[in-house]
Structure formats: structure tokens, C-alpha cells
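Numbering (my numbering), first residue to last: 76 to 142.
Okay, structure coming up:
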């Protein structure tokens, strides 16, 4: 996605698409934990997808650094 956005000259759009991941997964009944994305210039996209039950079980709280 980042490569395509760069080729098309719309790299900023990729950041917004990454934010949409949270909502897309929530609509599917999942929770996303992520603090790094390629779109924001990080060296990797680190993510963990879990069920709401698992998130509650481990006391998951969305990071203030979430991307």
C-alpha cells in the first residue's frame, strides 16, 4: 500500500488508511494493537489482532502511541 501511494504521489493517504484498520477490525469484532507503521515512516508495521475477550483478559489498553 505504501509503495502504491508513493508511486501515485499520495503518501499522506496511506496514513489515513492505516487509521481505518482500527475501525475495520472493530466492525469484524476484533481489537488491533499497533504502535508502528510503514506509512508513518517506521521500519516495520507491528501489529497484534485479538478478540475483545482476550483484550479484556490481558487488560489491554490502546497505546497513546497507536498508529
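Backbone N, C-alpha and C define an ideal beta-carbon position, used for all residues, glycine too.
Keep in mind that this is a model prediction, so the values were computed, not measured.
Residue 131 holds the alpha-carbon nearest to the alpha-carbon of residue 105 among 77, 76, 131 and 138. Within a 10 Å sphere around the beta-carbon of residue 141 sit fewer than 16 other beta-carbons, which makes this residue exposed. Only residues of its own chain outside the window of five on either side were considered, and among them 117, 118, 119, 120, 121 and 142 have a CB closer than 8 Å to the CB of residue 111, listed in chain order. It is roughly 17 Å from the alpha-carbon of residue 77 to the alpha-carbon of residue 109.
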